[in-house]
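Numbering (my numbering), first residue to last: 5 to 143.
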């Protein structure tokens, strides 16, 4: 299983005695075949939040129906204000996608895809939307 840390976000809570920092980590985990999982962990320590995100990603593993490690047809998914379009491409082309979509597709071992994002480009929403689109592939 390959792990990738997507984002670490620091949140500050101001109280009478000062500031309290907490961290949120987002990660994806997968093998180069058909499994992928997304996890988000929160903690007061950076390392703890990363560990929690990896554990939650392992719990949320999805098995996708990819054919020959590629997408067979056009895919579309929507999450919140984010819309992701994935188009199949020949193996010569490679991955033409945003940074976050590339991370998801490379962890799955998909060699070539065209992609387009409409609406919000929030990293977490783009990843959720990409996984939703890939889960729409039927056998």
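Glycine residues also receive a C-beta, built at the ideal position from the N, C-alpha and C atoms.
Fair warning: this is a prediction, and the values are worked out from it, not measured in the lab.
Identify which residue in the options has its Cα closest to the Cα of residue i.
i           : options             : result
residue 30  : 36, 20, 22 and 41   : 41
residue 87  : 128, 6 and 14       : 128
residue 106 : 123, 83, 96 and 134 : 134
residue 115 : 90, 48, 85 and 130  : 90
residue 138 : 103, 124, 96 and 92 : 92
residue 16  : 124, 54 and 48      : 48
residue 125 : 111, 103 and 142    : 103
residue 28  : 39, 18, 56 and 37   : 56
residue 77  : 119, 39 and 110     : 119
Which partner residues does residue i have in the DSSP bridge list?
i           : result
residue 78  : Answer is none; residue 78 lacks a bridge partner.
residue 144 : Not covered by the structure: residue 144. The range shown for the chain is 5 to 143.
residue 86  : 83 and 123
residue 47  : 27
residue 62  : Answer is none; residue 62 lacks a bridge partner.
residue 7   : 33
residue 100 : 118
residue 22  : 19
residue 67  : 39
Would you kindly check if the distance between the Cβ of residue j and the Cβ of residue i is under 8 Å?
i           : j           : result
residue 140 : residue 70  : no
residue 136 : residue 101 : no
residue 10  : residue 50  : no
residue 58  : residue 7   : yes
residue 83  : residue 132 : yes
residue 75  : residue 108 : no
residue 73  : residue 98  : no
residue 45  : residue 85  : no
Worksheet item: Contact between the region 21-35 and the region 58-74: three or more CB pairs below 8 Å?
Response: yes
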